[in-house]
Amino acid sequence: MIRFIKALRAFAVAAVTSFGIVAVAQVPTPPEIAARSYLLLDVTANQVLAQKDIDSPVEPASLTKLMSAYLVFDALKSGKITLQQTLPVSTRAWKMPGFRMFIDPKMQVPVEDLLKGLIVQSGNDAAIVLAEGVGGTVEHFVELMNEQAQVLGLKNTAFRNPEGLAVPGQTTTARDLGVLATRLMRDFPQYMYFYAIKKYRFPGTPSTNDTNRNVLLFRDPTVDGLKTGHTDAAGYCMVVTAKRDFPNLSGGRRLLSIVLGAASENARANESQKLLNWGYTAFDAVRLFDANQPVATPPVWKGKESTIKLGRPDAIVVAVPAASASRIKTQVARPDPLVAPFGKYQPVGSLKVTLGDQPVAEIPLVALEPVEQASVLGRAWDAIRLWIK
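Quick note on the working numbering: the sequence shown kicks off at 940 and runs consecutively.
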């Protein structure tokens, strides 16, 4: 079991943190985007479609709350807390400046409402209550945030608080935010509905702060998340995702847009919408193999089975410039010889995808089924065969 978990974790990290960043052949020219940096990611294909200065350090502002939510969702998933559980409101939370859900120390607030306050209202008070509830103290919660950032491979991210108020040393990049947002969606799909809520306020609190600042939720019915942020240093920032129906993709096609340092609330929304619309029209998503469909069945030595099935537990999809799918070529790269044993989902080679002669993506392949070692006699016989070979 431990071997399986480690293999699956390695597979997930390789699949997500790399973004499949291989230069796409004849990349369509993206539109002009009025922002300091931006990233457009095809989440379904795990490929970057457009980018600008994605490794430049920026202040995350309220996008920090994406990591805060990640830790809360993880605590929910593990059973450490429940949505119905109530948490006390500390004086520290009550005195938080900036956007709030207007809770006070006389209240015991359910975790579900605190998450709505965190995500819909961008409540800094909700962030503190959740941090204290999950981490014991805000300071320990911040330590957990930074530990999780390392686990996710966020190499240029450092957190100093759970709410995103400007403070020295708190920094991230568009690339890191892309990894964080992608993992948030993949690791906790059961909680993503929070990000699609358009309006919310806790009973008894003012109605002046009840509207989600992700205005694309109101403009584009395919948008279902994620978060906005703003400080004077960061400018206006937005991490937004949409899922649209697409031919031959039964689950739809999801894109993720990250726009950092726009000039205004309206500008960040307009530029994000521009990126999403361009990505859906300039690129086609092509399904090469279904989930758990063998990409290759090469021979195995010293195993109880004579072959091993290589593929992916999810569908293999690539993004290519529109109307170029007929030029896709694939090639399996793997070690030779393959010698048992192999655990389920153990990484074994990769699928190289090209458009003509230009690389598009390199997709990790895993063993779809385990292959155990053969008997002593079987291993000895294969050892002789390998020596002759």
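Glycine residues also receive a C-beta, built at the ideal position from the N, C-alpha and C atoms. Given the structure is predicted, the values throughout are model-derived calculations rather than measurements.
Would you check if the distance between the CB atom of residue i and the CB atom of residue j is smaller than 8 Å?
i     : j     : result
L1227 : P1237 : no
M926  : M1084 : The requested residue 926 is not part of the displayed model; the chain covers only 940 to 1328.
L1199 : A1113 : yes
A1181 : T1167 : no
R1099 : Q1089 : no
A1208 : L1155 : yes
V1259 : D1223 : yes
W1240 : V1271 : no
P1274 : G1242 : no
E1308 : K1283 : yes
Comparing alpha-carbon positions, which option in the options lies nearest residue i?
i     : options                       : result
Y1175 : V966, A974 and P967           : A974
L1194 : A1120, K1241 and V1106        : A1120
S1211 : A1261, D1159 and D1253        : D1159
L1026 : I1136, G1037, L1290 and M1046 : M1046
N1153 : S1001, Y977 and L978          : S1001
R1125 : P1044, D1253 and H1079        : D1253
E923  : K991, S976 and K1016          : Residue 923 lies beyond the residue range present for the chain, which begins at 940 and ends at 1328; the question has no answer from this structure.
L1188 : E1244, P1298 and T983         : T983
I972  : L1325, Q986 and Q990          : Q990
S1146 : D1163, N1216 and Q1060        : Q1060
A1105 : K1094, L1316, A1221 and A1173 : A1173
S995  : T1096, G1143, D1052 and H1169 : T1096
I1247 : V1073, D1043, A1206 and Q1312 : Q1312
Kindly identify the DSSP beta-bridge partner or partners of residue i.
i     : result
T1170 : G1174
W1240 : V1278
D1223 : V1259
T1246 : P1238
Y977  : K991 and V1198
F1185 : L1188
A1272 : S1289
Q1047 : P1027
R1266 : Answer is none; R1266 lacks a bridge partner.
Our contact map puts residue i next to residue j with C-beta atoms below 8 Å; I'd like the distance itself, whole angstroms only.
i     : j     : result
D1149 : Y1134 : With 8 Å as the limit, D1149 and Y1134 do not qualify as a contact, their Cβ atoms being about 16 Å apart.
V1305 : P1286 : 5 Å
Y1014 : D1064 : In the sequence as displayed, the identity of residue 1014 is Ala instead of Tyr. The Cβ separation is near 19 Å, so there is no contact.
For a minimum of 4 consecutive residues, which ranges assigned as the alpha helix (DSSP H) are wholly contained in the region 1050-1080? 1050-1058 and 1063-1074
Could you tell me which uninterrupted alpha helix (DSSP H) segments, each at least 4 residues in length, are contained entirely in the region 1275-1327, listed from first to last along the chain? 1315-1327
Every unbroken alpha helix (DSSP H) inside the region 1104-1181 [4 residues or more]: 1113-1126 and 1155-1158
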